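A.B. asks: I'd like to ask some things about the structure below.
2 protein chains.
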Amino acid sequence: MPQTRRTYRGMSAEERQAERRKQLLAAGLELFGTHGITATRVDDVCAEAELTKRYFYENFSSLEELLLAVVEDVLADLTARVVPVIASSGWRDPRPMLSTFIGAMLDDPRLVRLLVIETHTGALVRQRHQFIERAIDVWLEAAPDRDRDPSLLQTQRLLAHAYAGAVGEVAVAWASGRITMSAEEIIDHLERIFLRIAPQVG
Amino acid sequence: MPQTRRTYRGMSAEERQAERRKQLLAAGLELFGTHGITATRVDDVCAEAELTKRYFYENFSSLEELLLAVVEDVLADLTARVVPVIASSGWRDPRPMLSTFIGAMLDDPRLVRLLVIETHTGALVRQRHQFIERAIDVWLEAAPDRDRDPSLLQTQRLLAHAYAGAVGEVAVAWASGRITMSAEEIIDHLERIFLRIAPQVG
DNA sequence: ACGATCTGACACGAGCTAGTGTCAATATGG
DNA sequence: CCATATTGACACTAGCTCGTGTCAGATCGT
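Protein sequences, first through last, are from chains Y and S. Sequential numbering of the first sequence, starting at 761, is according to my numbering. Sequential numbering of the second sequence, starting at 761, is according to my numbering.
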């Protein structure tokens, strides 16, 4: 146990630790988002972050803990981007929201891998589920006749899952080069699909 | 090296080996389809199949080889069920085809896990991709103006991926108990989505 | 400059699993 | 009934990775 905590390279002990945590999160996003979770080792993360295991275990007790933190970060960032867009443009014109959300994924294939592919398994299913449920809640808040017909609610939940799956699969296909289109065109099509699938809300 | 191959328990050597292979395939489907690929060990498969490692390596050289064989089997079975239905009912009424395909998955959650979730990673992406491509081909064979407009072809490919993703996600949500509906109702909704998404073909 | 903290590289054992090998018990054909 | 193919249980080594420990050197406060 150190007796006094000194500054190092102009940073306090807390700053240094926070900096290392950021490096580890970035390394985690990179490796989890490219090679995948199961192919990622603690040593790999350390090498990518240019740190040693000592500092990995200073910040996280296991790879899974890092993984959860990475996904939480990514989802929080996405939420922070999308929510204000919804607040300002509403649901009548879903284009700004879809463009923001889908555009973010098309800009970074690591997000596609992490959020669409890897979240189907392991400890991430809970986070995936919670995110989708939150999205459904936000969506249905705008529905005029919510809480009216319980079977309609179930239908809307199914439609939400269906649309989420459609977006995810298209994103995966695009990220792996199987769809030759500009991001704008993809968003066009996904907007059209949204308008055809979603019952009129808001 | 055995000098002569005898019958055992009324079965020839080939029959016994084929029998063991079937047991291993069944065990693989069970474990891969429930606990997942990464959680499945060679010893687990052997225990499930009530065989020893000797017979595992007699039939497969690795877990991955078993996995590929299992998925190939499952896809071949699904294809064998769906193709005649399409041949007899065509695309104007997609209901029989969708009912067959989706019904098969809803009847066996292991298929959902294996085909929708686990095929996103590792050696299975190739099989998933090939299956989807084949489905797209079959679908577009019925299109009246195929090979006409190349950008229309791209659009149709995107729509196919989108619909595949929608079906998969709904199946996953249903398999994990997040959608309370009968299989028939789910098929109803997915048929409606298909008709809304798919441009008029056939 | 000096003592203490901080850092990074690496050593090390524990635990798990793949793949192979051994051996006694069992079933078969002659 | 005997020689042998066949089986199943299990031992065993090798390789990988986790998590911890060690230690010399760099950096800072005084």
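Even for Gly, the Cβ is constructed at its ideal location relative to N, Cα and C. Please read these numbers as outputs of a predicted model, since none were measured by experiment.
Would you list, in chain order, the members of the segment 910–935 of chain S that have their beta-carbon closer than 8 angstroms to a beta-carbon of chain Y?
C.D. replies: Those would be 914, 915, 917, 918, 919, 921, 922, 923, 924, 925, 926, 927, 928, 929, 930, 932 and 933, in chain order.
A.B. asks: Within 7 angstroms (strictly less), CB to CB, does residue 956 of chain S reach chain Y?
C.D. replies: The residue labelled residue 956 of chain S in the question sits at position 196 within the second sequence. Yes, its Cβ sits closer than 7 angstroms to a Cβ of chain Y.
A.B. asks: Quick one: grab the DSSP three-state call for residue 926 of chain Y.
C.D. replies: Position 166 of the first sequence, counted from the start, is the residue given in the question as residue 926 of chain Y. Looking at residue 926 of chain Y - three-state DSSP - the assignment turns out to be helix.
A.B. asks: In this structure, what does DSSP give as the bridge partners for residue 768 of chain Y?
C.D. replies: The sequence position of residue 768 of chain Y within the first sequence is 8, counting from 1. Beta-bridge pairing links residue 768 of chain Y to Y:771.
A.B. asks: Am I right that residue 854 of chain Y and residue 951 of chain Y are in contact with their C-beta atoms under 8 angstroms? What's the rounded C-beta distance?
C.D. replies: Walking along the first sequence from the start, residue 854 of chain Y turns up at place 94. Walking along the first sequence from the start, residue 951 of chain Y turns up at place 191. Right, their Cβ atoms sit about 6 angstroms apart.
A.B. asks: Under 9 angstroms Cβ-Cβ, which residues of chain Y neighbour residue 800 of chain S?
C.D. replies: Indexing the second sequence from 1 puts residue 800 of chain S at position 40. Neighbours of residue 800 of chain S on chain Y: none; closest Cβ ~12 angstroms, over 9 angstroms.
A.B. asks: Report the residue from S:776, S:916 and S:881 whose alpha carbon sits nearest the alpha carbon of residue 794 of chain Y.
C.D. replies: If you number the first sequence from 1, residue 794 of chain Y lands on position 34. Closest option to residue 794 of chain Y, Cα to Cα, is S:881.
A.B. asks: My output table needs one value for residue 795 of chain S: the three-state DSSP class, helix, strand or coil.
C.D. replies: Mapped onto the second sequence, residue 795 of chain S falls at position 35. Note: residue 795 of chain S maps to coil in three-state DSSP.
A.B. asks: Beta carbon of residue 873 of chain Y, beta carbon of residue 860 of chain Y: below 7 angstroms?
C.D. replies: Your numbering for residue 873 of chain Y matches position 113 in the first sequence. Your numbering for residue 860 of chain Y matches position 100 in the first sequence. It is not a contact, given that the beta carbons lie outside the stated cut-off.
A.B. asks: Output the residue ranges of the alpha helix (DSSP H) runs that lie fully inside the segment 844–897 of chain Y and measure 4 residues or longer, sorted by chain position.
C.D. replies: As far as the segment 844–897 of chain Y is concerned, its whole alpha helix (DSSP H) runs of at least 4 residues are 855–867.
A.B. asks: How is residue 931 of chain S classed by DSSP in three states: helix, strand or coil?
C.D. replies: Walking along the second sequence from the start, residue 931 of chain S turns up at place 171. Helix at residue 931 of chain S.
A.B. asks: On the criterion of 16 or more Cβ atoms from any shown chain inside 10 Å, does residue 801 of chain S qualify as buried, or is it exposed?
C.D. replies: Counting from one through the second sequence, the residue named residue 801 of chain S turns up at place 41. So residue 801 of chain S ends up on the exposed side.
A.B. asks: DSSP three-state call for residue 706 of chain Y: helix, strand or coil?
C.D. replies: Here chain Y covers residues 761 to 962 and nothing more, so residue 706 of chain Y does not appear.
A.B. asks: With distance defined between alpha-carbon atoms, name the residue in S:958, S:766 and S:817 nearest to residue 900 of chain S.
C.D. replies: As a position in the second sequence, residue 900 of chain S is number 140, starting the count at 1. Ranking S:958, S:766 and S:817 by Cα distance to residue 900 of chain S puts S:958 first.
A.B. asks: Please report the distance separating the alpha-carbon of residue 811 of chain S from that of residue 924 of chain Y.
C.D. replies: Taking the second sequence and counting its residues from 1, one reaches residue 811 of chain S at position 51. Taking the first sequence and counting its residues from 1, one reaches residue 924 of chain Y at position 164. Going by the C-alpha atoms only, they are around 42 angstroms apart.
A.B. asks: Whether or not the segment 924–944 of chain S and the segment 938–951 of chain Y are in contact is what I'm after, with contact meaning three or more pairs of Cβ atoms, one per stretch, closer than 8 angstroms; do they touch?
C.D. replies: With the cut-off at 8 angstroms, the segment 938–951 of chain Y and the segment 924–944 of chain S do not touch.
A.B. asks: Count the other CB atoms, across all protein chains shown, that sit within 10 Å of the CB of residue 931 of chain Y; report buried if there are 16 or more and exposed otherwise.
C.D. replies: Taking the first residue of the first sequence as 1, we reach residue 931 of chain Y at position 171. It is buried - the Cβ of residue 931 of chain Y has at least 16 other Cβ atoms within 10 Å.
A.B. asks: Where residue 877 of chain S and residue 913 of chain S are concerned, what is the direct C-alpha to C-alpha distance, given to the nearest angstrom?
C.D. replies: Along the second sequence, one-based indexing puts residue 877 of chain S at 117. Along the second sequence, one-based indexing puts residue 913 of chain S at 153. If I take the Cα positions, the gap works out to 27 angstroms.
A.B. asks: Does the beta-carbon of residue 825 of chain S have 16 or more other beta-carbons within 10 angstroms, so that it is buried, or is it exposed?
C.D. replies: Taking the second sequence and counting its residues from 1, one reaches residue 825 of chain S at position 65. Result: exposed.
A.B. asks: Alpha carbon to alpha carbon, what distance is there between residue 820 of chain S and residue 830 of chain S?
C.D. replies: Counted from its first residue, the second sequence places residue 830 of chain S at position 70. Counted from its first residue, the second sequence places residue 820 of chain S at position 60. About 11 angstroms.
A.B. asks: May I ask you to list, following chain order, the residues of the segment 770–801 of chain Y that have a beta carbon less than 7 angstroms from some beta carbon of chain S?
C.D. replies: Taking 7 angstroms as the Cβ-Cβ cut-off against chain S, the residues of the segment 770–801 of chain Y that qualify are 796 and 798.
A.B. asks: Is the CB of residue 896 of chain S under 7 angstroms away from at least one CB in chain Y?
C.D. replies: Here residue 896 of chain S is taken as the residue at index 136 of the second sequence, counted from 1. No, residue 896 of chain S lies away from the interface with chain Y (no Cβ there is under 7 angstroms from its Cβ).
A.B. asks: Can you tell which of Y:774, Y:945, Y:816 and Y:949 has the C-alpha that lies nearest to the C-alpha of residue 786 of chain Y?
C.D. replies: Numbered from 1 along the first sequence, position 26 holds the residue referred to as residue 786 of chain Y. Nearest option by C-alpha distance: Y:816.
A.B. asks: Indicate whether at least one CB of chain Y lies closer than 7 angstroms to the CB of residue 846 of chain S.
C.D. replies: In the second sequence, the residue the question calls residue 846 of chain S occupies position 86. Judged by the 7 angstroms Cβ criterion, residue 846 of chain S is not in contact with chain Y.
A.B. asks: Looking at the unbroken alpha helix (DSSP H) that takes in residue 958 of chain S, where does it start and where does it end?
C.D. replies: Against the second sequence, residue 958 of chain S aligns to sequence position 198. Run containing residue 958 of chain S: none; DSSP gives neither H nor E here.
A.B. asks: Helix, strand or coil: which one does DSSP assign to residue 951 of chain S?
C.D. replies: Numbered from 1 along the second sequence, position 191 holds the residue referred to as residue 951 of chain S. Three-state result, residue 951 of chain S: helix.
A.B. asks: How many angstroms separate the CA atom of residue 849 of chain S from the CA atom of residue 918 of chain S?
C.D. replies: Reading the second sequence from its first residue, position 89 is the one you call residue 849 of chain S. Reading the second sequence from its first residue, position 158 is the one you call residue 918 of chain S. Using only the alpha carbons, I get a separation of about 24 angstroms.
A.B. asks: Show which residues of chain S have a CB atom less than 8 angstroms away from the CB atom of residue 711 of chain Y.
C.D. replies: This structure leaves residue 711 of chain Y out entirely; chain Y is present only between 761 and 962.
A.B. asks: Quick one: measure Cβ to Cβ for residue 929 of chain Y and residue 928 of chain S, integer angstroms, because I've assumed they're closer than 8 angstroms.
C.D. replies: The residue you call residue 929 of chain Y lines up with position 169 of the first sequence. The residue you call residue 928 of chain S lines up with position 168 of the second sequence. Confirmed, Cβ separation roughly 7 angstroms.
A.B. asks: Quick check on the burial criterion: 16 or more other C-beta atoms within 10 angstroms. Buried or exposed for residue 875 of chain Y?
C.D. replies: For the purposes of this step, residue 875 of chain Y is identified with residue 115 of the first sequence, where counting begins at 1. Burial call: buried.
A.B. asks: Identify which residue in Y:790, Y:946 and Y:827 has its Cα closest to the Cα of residue 916 of chain S.
C.D. replies: Locating residue 916 of chain S in the second sequence gives position 156, counting from the first residue. Ranking the options by Cα distance to residue 916 of chain S, first place goes to Y:946.
A.B. asks: By the DSSP assignment, the alpha helix (DSSP H) with residue 803 of chain Y in it spans what residues?
C.D. replies: Sequence index remark: in the first sequence, residue 803 of chain Y carries index 43 (1-based). Residues 802–809.
A.B. asks: If I'm right that residue 926 of chain S touches residue 922 of chain Y with Cβ under 8 angstroms, what's the distance once you round it to whole angstroms?
C.D. replies: What you label residue 926 of chain S is simply residue 166 of the second sequence in a count that begins at 1. What you label residue 922 of chain Y is simply residue 162 of the first sequence in a count that begins at 1. Going by Cβ atoms, the distance from residue 926 of chain S to residue 922 of chain Y rounds to 4 angstroms, so yes, they are a contact pair.
A.B. asks: Could you list which residues in chain Y have their beta carbon closer than 7 angstroms to that of residue 953 of chain S, in chain order?
C.D. replies: Mapped onto the second sequence, residue 953 of chain S falls at position 193. Correct list: 922 and 957.
A.B. asks: Residue 809 of chain Y to residue 784 of chain Y, Cα distance in whole Å?
C.D. replies: Position 49 of the first sequence, counted from the start, is the residue given in the question as residue 809 of chain Y. Position 24 of the first sequence, counted from the start, is the residue given in the question as residue 784 of chain Y. Rounded to whole angstroms, residue 809 of chain Y to residue 784 of chain Y spans 5 angstroms at the Cα level.
A.B. asks: For residue 862 of chain S, decide whether its Cβ has a neighbour in chain Y, counting only Cβ atoms nearer than 7 angstroms.
C.D. replies: Indexing the second sequence from 1 puts residue 862 of chain S at position 102. Output row for residue 862 of chain S: interface = no.
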